[in-house]
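Participant: Can you keep this structure in mind? I'll have questions shortly.
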Amino acid sequence: MSESVFTKHIERRNRIVKNKSILQTSYLPEILPHRKEEIDSVAAVIASVFEGDKPSNILIFGQTGTGKTAVMNFIGNELKKVDPKGETAVYIYINCEVVDTQYGILHSIGNQTIKDFDKRIPFTGWGMDKIYSETKNYVDEQNKVFIVVLDEIDRLVNKSGDDILYHLLKMNEDLKNSKLSLVGISNRVNFMEFLDPRVRSRLSEEKMTFDPYDAKQLEDILRSRAELAFDEGVLESGVIPLCAAKSAKEMGDARMALNLLRTAAEIAERNGDNVVTEAHVLYAKNKIELDIVSETVKALPQQSKTVLMSIIFNTRQDNKTMITGDVYSTYKDLCNILRMTVLTQRRVTDLISELDMLGIIHARVRSFGRAGRTREIELSIPGEICKMLEEDENMADLKSYRHPNQTKLM
DNA sequence: AATCCACAGGAAGCCCGGGAAC
DNA sequence: GTTCCCGGGCTTCCTGTGGATT
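Residues 1 to 410 (the numbering used here) make up the first sequence, in order.
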């Protein structure tokens, strides 16, 4: 490759991380540390496939980054090892965050296994009853056990009721030759409450809960990946324990731990350093948090941004805390400058609550006696984010805005 | 004890866009 | 195509409330 603007970056990039994909959360390692028992209990249920029985339906609970998806995909791989051609069992993985309609699910079940291109189900066009019966017939013809993993199953419940779950459970009864087992994965334990009782009991023939990893376990996970991803000596000795400790505090999220390690390495690379230090990790932690906040702020609807902007202006105006009335009057000013419709105070209080829920501001109701009962509001995002919001194209007209010392205009 | 401030936050209903059903 | 339905954003109207002040 000839010399180009990329050259020095490419050279640097290769220096620290040997294999970046290993640090991605989507990477499925050969062994899953500290998930032996979980794998075993899932395998025990699934094993009945090889005795010609239908495995019980399984529901798996656990917070994000506790290895639920990894365990199921691991099981999927193991199935393929035992039964490479899929003669007895068919493993189907569906992420309901991506595919969240009845049609989409049936479509996935059909098309993940139909080899014959001409017989594939079109991605749109068929009516519900047609796709249901076609899928059912296809599944039945195969004379196999279908293991359908529904990741993020809670996404299905609010969307279109629990119809799709009901249909899938019912399909199993309509099948003569094949069998259909469902494995639901959810990080919300309470999602069951919203289910039809009959669906609930049939879906949860087996229930499992994955506990969060503790710091020690996270360390092992990181170590096993780091061995593959880094050359020896690239990580300072404190790096992995630090990543683990930081993530253990956030509910033992392995996904986060990996993110932290990967980001730290990326930062080190970009700096041209040849070792990853604890300082890099701390920097990475900060960067990740900042990224999350800035994404949420960017994604805010215009009205909420304007409310937030009002809060920022009030913060600048010496008073660290403010009340709803202060925010609302500034908000009205800003709306006029930006030529936006002015929402009612009732609505704005709701927007303030939303900002509070997102952790962008901190608001608590307080009574000031005769001075009324209202919310006391405080900004809780770093200055960089405020700057970013000001740079927002829609906020351009506010450059000249001066907060009136007397807030009461009306 | 009564008053009263400055809202909080519930209830009902309007409007609008989008998707499903007819 | 039209109609129906649903959900989200929003308004209007409303009742409720903690505690300094009277």
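Note that beta-carbon positions come from the ideal geometry of N, C-alpha and C, so glycine has one too.
Every value quoted in this text rests on a predicted model; they were computed, and no experiment measured them.
Could you tell me if S160 is buried or exposed, where buried requires 16 or more neighbouring beta carbons within 10 angstroms of its beta carbon?
Facilitator: Walking along the first sequence from the start, residue 160 turns up at place 160. A caution first: S160 carries a pLDDT of 46, below 50, which makes its placement in the model too unreliable to give a value.
Participant: Please report the straight-line C-alpha distance between S237 and I185, rounded to a whole angstrom.
Facilitator: Start at 1 with the first residue of the first sequence, and residue 237 comes out as number 237. Start at 1 with the first residue of the first sequence, and residue 185 comes out as number 185. Rounded to the nearest angstrom, the two C-alpha atoms are 36 Å apart.
Participant: Check I352 in the structure and name its three-state DSSP category.
Facilitator: Indexing the first sequence from 1 puts residue 352 at position 352. Note: I352 maps to helix in three-state DSSP.
Participant: Report yes or no: do three or more beta-carbon pairs, one from the stretch 274 to 281 and one from the stretch 361 to 372, lie closer than 8 Å?
Facilitator: no
Participant: Is A229 buried or exposed, if buried means 16 or more other CB atoms sit within 10 Å of its CB?
Facilitator: As a position in the first sequence, residue 229 is number 229, starting the count at 1. By the neighbour-count rule (16 or more Cβ atoms within 10 Å), A229 is buried.
Participant: I'd like to confirm the pairing. Which residues does DSSP put opposite V17 in its beta bridges?
Facilitator: Taking the first sequence and counting its residues from 1, one reaches residue 17 at position 17. According to DSSP, V17 bridges with F230.
Participant: Closest to C96 by C-alpha separation, out of G62, E51, E37, L165, would be which residue?
Facilitator: For this step, residue 96 is matched to residue 96 along the first sequence. Measuring from the Cα of C96, the nearest candidate turns out to be L165.
Participant: How big is the Cα-Cα spacing for I46 and A244?
Facilitator: Residue mapping note: residue 46 aligns to position 46 of the first sequence, counting from 1. Residue mapping note: residue 244 aligns to position 244 of the first sequence, counting from 1. Going by the C-alpha atoms only, they are around 32 Å apart.
Participant: Work out the CA separation of S181 and Y283 for me, nearest whole Å.
Facilitator: The residue given as residue 283 occupies position 283 in the first sequence. The residue given as residue 181 occupies position 181 in the first sequence. Spanning the two alpha carbons is a distance of roughly 45 Å.
Participant: Per the DSSP calculation, S367 is bridged to which residue(s)?
Facilitator: As a working mapping, residue 367 is identified with position 367 in the first sequence. According to the DSSP secondary-structure assignment, S367 is paired through a beta bridge with R373.
Participant: Please identify the residue among R347, S204, A226, K320 whose C-alpha is closest to the C-alpha of V17.
Facilitator: Here residue 17 refers to the residue found at position 17 of the first sequence. Nearest C-alpha to V17: A226.
Participant: Does the stretch 350 to 357 touch the stretch 258 to 267, meaning 3 or more C-beta pairs lie closer than 8 Å?
Facilitator: The stretch 258 to 267 makes no contact with the stretch 350 to 357, as fewer than three CB pairs between them are under 8 Å.
Participant: Which of helix, strand or coil does DSSP assign to I147?
Facilitator: Residue 147 sits at position 147 when you count from the first residue of the first sequence. I147 falls in the strand class under three-state DSSP.
Participant: Quick check: V42 and I58, are their CB atoms within less than 9 Å of each other?
Facilitator: In the first sequence, residue 42 corresponds to position 42, counting from 1. In the first sequence, residue 58 corresponds to position 58, counting from 1. For V42 and I58, yes; Cβs fall inside 9 Å.
Participant: If you draw a straight line from the C-alpha of K179 to the C-alpha of N143, how long is it?
Facilitator: Indexing the first sequence from 1 puts residue 179 at position 179. Indexing the first sequence from 1 puts residue 143 at position 143. Approximately 8 Å between the Cα atoms of the pair.
Participant: So, do the stretch 24 to 40 and the stretch 70 to 80 have three or more beta carbon pairs nearer to each other than 8 Å?
Facilitator: yes
Participant: Specify, as a first and last residue, the run of the beta strand (DSSP E) that I311 falls within.
Facilitator: If you number the first sequence from 1, residue 311 lands on position 311. Segment 302 to 316 is the alpha helix (DSSP H) holding I311; no beta strand (DSSP E) there.
Participant: Do T330 and S310 have their CB atoms nearer than 9 Å?
Facilitator: Looking up residue 330 in the first sequence gives position 330. Looking up residue 310 in the first sequence gives position 310. Yes, Cβ-Cβ distance for T330 and S310 is below 9 Å.
Participant: Is D333 buried or exposed, if buried means 16 or more other CB atoms sit within 10 Å of its CB?
Facilitator: Position 333 of the first sequence, counted from the first residue, corresponds to residue 333. The residue in question, D333, is buried, as its Cβ has 16 or more Cβ neighbours within 10 Å.
Participant: Taking only runs that begin and end inside the stretch 186 to 222, name each unbroken alpha helix (DSSP H) of 4 or more residues, in chain order.
Facilitator: Along the length of the stretch 186 to 222, whole alpha helix (DSSP H) runs at least 4 residues long occupy 197 to 203, reported in chain order.
Participant: Taking C-alpha atoms, which residue in S400, E141, D196, V145 lies nearest to H167?
Facilitator: Position 167 of the first sequence, counted from the start, is the residue given in the question as residue 167. Closest option to H167, Cα to Cα, is D196.
Participant: Could you tell me which residues DSSP puts in a beta bridge with A89?
Facilitator: Walking along the first sequence from the start, residue 89 turns up at place 89. DSSP output for A89 lists V145 as bridge partner(s).
Participant: May I ask which residues mark the beginning and end of the alpha helix (DSSP H) holding M72?
Facilitator: Translated into the one-based positions of the first sequence, residue 72 becomes position 72. Element bounds for M72: 68 to 82.
Participant: Determine the closest residue to I147 out of I94, R346, A215, E173, with distance taken between C-alpha atoms.
Facilitator: Stepping through the first sequence from its first residue, residue 147 is reached at position 147. That would be I94, whose Cα lies nearest to the Cα of I147.
Participant: From T135 to K207, what does the alpha carbon distance come to, in whole angstroms?
Facilitator: Locating residue 135 in the first sequence gives position 135, counting from the first residue. Locating residue 207 in the first sequence gives position 207, counting from the first residue. Straight-line measurement puts the Cα of K207 at about 27 Å from the Cα of T135.
Participant: Any idea which residues DSSP pairs S181 with across the strands?
Facilitator: In the first sequence, counting from the first residue as 1, residue 181 sits at position 181. DSSP output for S181 lists I147 as bridge partner(s).
Participant: With DSSP as the reference, identify every bridge partner of F61, one or two as the case may be.
Facilitator: The residue you call residue 61 lines up with position 61 of the first sequence. F61 pairs with S186, T209.
Participant: Decide if S4 is buried, meaning its Cβ has at least 16 other Cβ atoms within 10 Å, or exposed.
Facilitator: One-based indexing of the first sequence puts residue 4 at position 4. S4 comes out exposed.
Participant: According to DSSP, which residues form a beta bridge with H362?
Facilitator: Here residue 362 is taken as the residue at index 362 of the first sequence, counted from 1. E378.
Participant: Hey, could you find the ends of the alpha helix (DSSP H) I39 is sitting in?
Facilitator: One-based indexing of the first sequence puts residue 39 at position 39. Counting along the chain, the alpha helix (DSSP H) containing I39 begins and ends at 36 to 46.
Participant: What distance in whole Å lies between the Cβ atoms of T66 and G252, which are believed to be in contact at a cut-off of 8 Å?
Facilitator: Along the first sequence, one-based indexing puts residue 252 at 252. Along the first sequence, one-based indexing puts residue 66 at 66. About 7 Å separates the CB atoms of G252 and T66; that is less than 8 Å, so the two are in contact.
Participant: Tell me whether K285 is buried or exposed, calling it buried when 16 or more other Cβ atoms sit within 10 Å of its Cβ.
Facilitator: Locating residue 285 in the first sequence gives position 285, where the first residue counts as 1. Counting Cβ neighbours within 10 Å, K285 comes out buried, since at least 16 surround it.
Participant: Could you tell me which residues DSSP puts in a beta bridge with L235?
Facilitator: As a position in the first sequence, residue 235 is number 235, starting the count at 1. For L235, which the question treats as bridged, DSSP gives the partners V276.
Participant: Is it true that the CB of I221 sits closer than 9 Å to the CB of H362?
Facilitator: Here the question's residue 362 lines up with position 362 in the first sequence. Here the question's residue 221 lines up with position 221 in the first sequence. No, the Cβ-Cβ distance between H362 and I221 is not below 9 Å.
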